[in-house]
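Top line first, the protein sequences correspond to chains B and H.
All letters in the first sequence, in the order written, are residues 4 to 259 by our numbering.
All letters in the second sequence, in the order written, are residues 295 to 523 by our numbering.
Ideal Cβ positions, reconstructed from N, Cα and C, are used throughout, including at glycine.
Below you'll find the structure, written out as C-alpha cells, and then a few comments.
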Amino acid sequence: MIQRVTAVALNTFRETVRDRIFYLVAIFGLILLASSALLSPLTIGAQGKIVADVGLASLSLFGLLVVVFVGSGMLRKELDKRTITTILTKPVSRLEYLLGKYAGLTLTLLCMLAAMVLLFVLVTLVTPATFSARYLAAIYLVFWELLLINGAVLLYSTFVSPVLAMVFTLGLFAIGHLSEDILSFGQLMGGAMQATVSRVIYYLVPNLEIFNARGLVVHGGTVSAAQLGLATLYGFCYTALLIVLAAGIFARRELK
Amino acid sequence: MRSRRLLLVLVAGLLACGSVGSLRALENVPRGGGSDEKLYVPSGRYLRQAALGFREVAADYLWFQTVQYYGAYRRGEHDLGYFRGLLDAVCRLDPQFIEAYRFGSLVLAMDLRDLPGAVDILKRGIQDNPDTWVLPFEVGFVHYVLDQDYRRAACWFDAAARSPDATDFTRRFAAFCHKRAGDTEVSLLLWRNLYETTSNPSMRDLAERMIERCEEQLRARQSGGTGGT
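Pasting the structure below:
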C-alpha cells in the first residue's frame with residue numbers, strides 16, 4: 004500500500020513542480036525584502052517586529068494559496084484528462100489514490116515552507132529582525148493548519164467543481180478563525196438553546212486559531228509543549244476525519 | 295508578420311503611455327479622501343475579527359498609516375482628529391505592540407493635550423502586558439513630567455520597579471521620585487532616558503526639545519543662585 008501511495012504522491016509532487024508553484028517562493032522573498040528594505044523608514048521603532056510579522060504571515064498565506072489553488076483542481080484535472088481511470092484500473096484503490104494525492108500536495112507544501120523559511124532566515128540576517136528558535140514552533144503550527152486545510156480541499160474536490168471547492172475552503176478558513184467567536188456569541192445571546200447550538204457549531208467547524216502562535220512568538224512568548232502536543236493531536240484527528248469523509252464520498256462516486 | 299509585431303509593440307507602448315499619463319494627470323486633480331479616509335477606519339474590535347489569522351500584519355499596516363498620519367500633522371496638514379481611532383485599531387489588533395502604546399500616549403499627552411487619554415491607553419496596554427516595566431514606567435513618566443502629579447508618578451515608578459523585567463534604571467527612578475519630587479533634574483533624566491532608548495525619530499525629536507527646555511531651566515536656576523537639589 005505504502006509503495007502505491009508513494010508513487011501517486013511523487014507523481015502529484017512532480018505535477019505541481021511542473022505547474023511552476025515554486026515561483027511563489029520567489030514572490031515570498033520579494034515581499035520579505037520589500038517589507039524590510041523599502042518600508043524601513045515607515046516602521047519606526049518596529050522594523051524587527053514588522054519583518055517577523057510579514058515573514059510568518061506570508062508563510063501561512065502562500066501555503067494557503069498553494070493548498071487552495073492546487074488542491075481544488077487536483078482531482079478534476081485527472082478526471083478531465085481521464086488519467087484517473089488508467090490509474091484506478093491498476094491495483095490502486097481509491098483510498099490509496101486519495102492518500103497519494105494528499106501526500107503529494109503535503110510534500111509540495113513541505114518543500115515550499117522549507118524554502119521560504121530559509122529565505123526568511125537569510126532576510127533576518129541582513130535586517131534588525133532576528134530569527135528566534137521560537138519561530139519554529141509557530142511555523143510548525145502553520146504547517147498543521149495547512150495540513151488540515153489540505154484535508155478540507157481534498158474532501159470538497161471529491162464532490163464539487165474546483166471553483167466551488169476553492170470557495171468552500173476559503174470559507175472554512177474564515178470560519179475556522181472565527182470559531183471561538185461563534186462560541187462567545189452563543190453565550191452572549193443568553194438562552195440555553197443558543198449556547199448549545201453555538202457549542203455544537205464550534206465543535207463541528209475546525210478551530211484554526213489554535214494553530215496561530217505567530218503574534219505570541221514575535222513578541223517574545225514561547226509556545227508551551229502542551230499547546231504544541233494538543234494542537235498536533237487536534238490537527239491529526241480533524242485532518243484524518245476529513246480524509247476518511249473524502250474517501251467515503253470518493254468511493255461512491257461514479258467516474259465517467 | 296514583422297509589421298504586425300511592430301504594430302503590437304506600438305499599441306502596447308501607446309497604451310502604457312496613456313495609463314502612466316492619465317495617472318500623472320490624476321495626481322494634480324483634487325480628489326476627495328486624503329486624511330478624511332481615516333474616518334472610515336473600522337473599529338479595532340471589528341478589524342480583529344475581519345483580519346482572520348493575520349491580525350499582526352493588519353496592525354503593522356495600520357501602524358504605517360498612523361506614523362504617516364502623524365507626519366502629516368507635523369507638516370501642518372491636519373489636527374490629528376483621527377489619531378485616536380487609528381491608535382485604538384492598532385492596539386486592539388496587536389495588544390502586545392508596546393511601541394504603539396508608548397508613541398500613542400506621548401502624542402495624546404503632548405500634541406492633543408489629553409493626559410487622561412494617554413494614561414488610559416497605557417493602562418490598557420498594561421492589562422494586556424502585565425509583565426513589562428515599560429508601560430507602568432511610561433504612566434509614571436506622563437504623571438511626573440506632564441501632569442506634575444509626583445505622588446501618582448512615584449506609585450507608577452514603584453509598579454515598574456516591581457515588574458519581573460525591571461532594570462536598575464527603573465528602581466533608581468522609583469527612589470528618585472520619592473526623594474526629589476518636582477525636581478527638573480529628574481525630569482531631565484527621564485527625557486534623556488527616553489531619548490536614548492527610543493528608535494522612533496518623532497519621539498527622539500520630542501525628547502530632544504524637552505531636554506533643551508529642562509537644561510535651560512537648570513541654567514536659569516543656577517544663574518539665579520537657587521541651584522538644583
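Decide if residue i is buried, meaning its Cβ has at least 16 other Cβ atoms within 10 Å, or exposed.
| i | result |
| --- | --- |
| P458 (chain H) | exposed |
| D382 (chain H) | buried |
| D56 (chain B) | buried |
| S517 (chain H) | exposed |
| D499 (chain H) | exposed |
| D388 (chain H) | buried |
| K93 (chain B) | exposed |
| V126 (chain B) | buried |
| V303 (chain H) | exposed |
| M192 (chain B) | exposed |
| R299 (chain H) | exposed |
Quick test of your reading: residue i and residue j, contact by CB under 8 Å. State the CB separation rounded to the nearest angstrom.
| i | j | result |
| --- | --- | --- |
| L406 (chain H) | I415 (chain H) | No, L406 (chain H) and I415 (chain H) are not in contact; Cβ-Cβ is about 11 Å, not under 8 Å. |
| L186 (chain B) | S201 (chain B) | 6 Å |
| A60 (chain B) | F467 (chain H) | Wrong, their Cβ atoms sit about 37 Å apart, outside the cutoff. |
| F391 (chain H) | A345 (chain H) | F391 (chain H) to A345 (chain H), Cβ: 14 Å. No contact. |
| K104 (chain B) | V11 (chain B) | 6 Å |
| G179 (chain B) | E350 (chain H) | That pair is no contact at about 18 Å. |
| F253 (chain B) | A234 (chain B) | Actually they are not in contact, since the Cβ atoms of F253 (chain B) and A234 (chain B) sit about 28 Å apart, beyond 8 Å. |
| G411 (chain H) | R446 (chain H) | The pair is not a contact, with the Cβ atoms about 16 Å apart (cut-off 8 Å). |
| L116 (chain B) | L62 (chain B) | 6 Å |
| I152 (chain B) | F176 (chain B) | 6 Å |
| L101 (chain B) | A250 (chain B) | 5 Å |
| L27 (chain B) | V69 (chain B) | 7 Å |
| A453 (chain H) | P430 (chain H) | 4 Å |
Taking residue i as the reference, give the member of the options with the closest Cα.
| i | options | result |
| --- | --- | --- |
| C385 (chain H) | H:A366, H:T360, H:D373 and H:L374 | H:T360 |
| R23 (chain B) | B:L35, B:S63, B:F72 and B:A12 | B:F72 |
| S38 (chain B) | B:G232, B:A141 and B:T130 | B:T130 |
| V51 (chain B) | B:V124, B:G189, B:I204 and B:F171 | The residue you asked about is not Val; residue 51 (chain B) is Gly in the sequence shown. Among B:V124, B:G189, B:I204 and B:F171, the Cα nearest to that of G51 (chain B) is on B:V124. |
| R21 (chain B) | B:F188, B:T111, B:L231 and B:E183 | B:T111 |
| L113 (chain B) | B:V221, B:L144, B:T88 and B:G251 | B:L144 |
| L150 (chain B) | B:L98, B:T86, B:Y237 and B:Y205 | B:Y237 |
| A132 (chain B) | B:Q190, B:V95, B:I53 and B:A195 | B:I53 |
| D422 (chain H) | B:H222, B:V170, B:L27 and B:A118 | B:H222 |
| V436 (chain H) | H:W485, H:T426 and H:E510 | H:W485 |
| V439 (chain H) | H:T461, H:C471, H:G419 and H:G379 | H:C471 |
| V166 (chain B) | B:S75, B:L82, B:G107 and B:T127 | B:S75 |
| L64 (chain B) | B:F16, B:E148, B:L98 and B:T19 | B:E148 |
| F463 (chain H) | H:L488, H:D441, H:Q442 and H:T478 | H:L488 |
| G15 (chain B) | B:L33, B:I90 and B:N210 | In the sequence under discussion, the amino acid at residue 15 (chain B) is Thr, which differs from the Gly named in the question. Closest by alpha carbon: B:I90. |
Check whether chain B comes within 8 Å of residue i, counting only Cβ atoms and requiring the distance to be less than that.
| i | result |
| --- | --- |
| W357 (chain H) | yes |
| D388 (chain H) | yes |
| F463 (chain H) | no |
| V428 (chain H) | no |
| E432 (chain H) | no |
| D354 (chain H) | yes |
| Q516 (chain H) | no |
| F435 (chain H) | no |
| S329 (chain H) | Unreliable positioning characterises S329 (chain H) in this predicted model, as indicated by a pLDDT of 49, which lies under 50. The coordinate reading is nonetheless provided below. Answer no: the Cβ-Cβ gap between S329 (chain H) and chain B never drops below 8 Å. |
| G347 (chain H) | yes |
| Q343 (chain H) | yes |
| E490 (chain H) | no |
| V305 (chain H) | no |
| V351 (chain H) | yes |
| E266 (chain H) | In the structure as shown, chain H begins at 295 and stops at 523. Residue 266 (chain H) is therefore absent and cannot be evaluated. |
| E393 (chain H) | yes |
Taking 8 Å as the CB-CB cut-off, is residue i touching chain H?
| i | result |
| --- | --- |
| N153 (chain B) | no |
| I90 (chain B) | no |
| S187 (chain B) | no |
| I53 (chain B) | yes |
| S160 (chain B) | no |
| S63 (chain B) | yes |
| R23 (chain B) | no |
| N210 (chain B) | no |
| L112 (chain B) | no |
| G218 (chain B) | yes |
| L181 (chain B) | yes |
| N215 (chain B) | yes |
| A106 (chain B) | no |
| V28 (chain B) | no |
| A37 (chain B) | no |
| V57 (chain B) | yes |
| D184 (chain B) | yes |
| A140 (chain B) | no |
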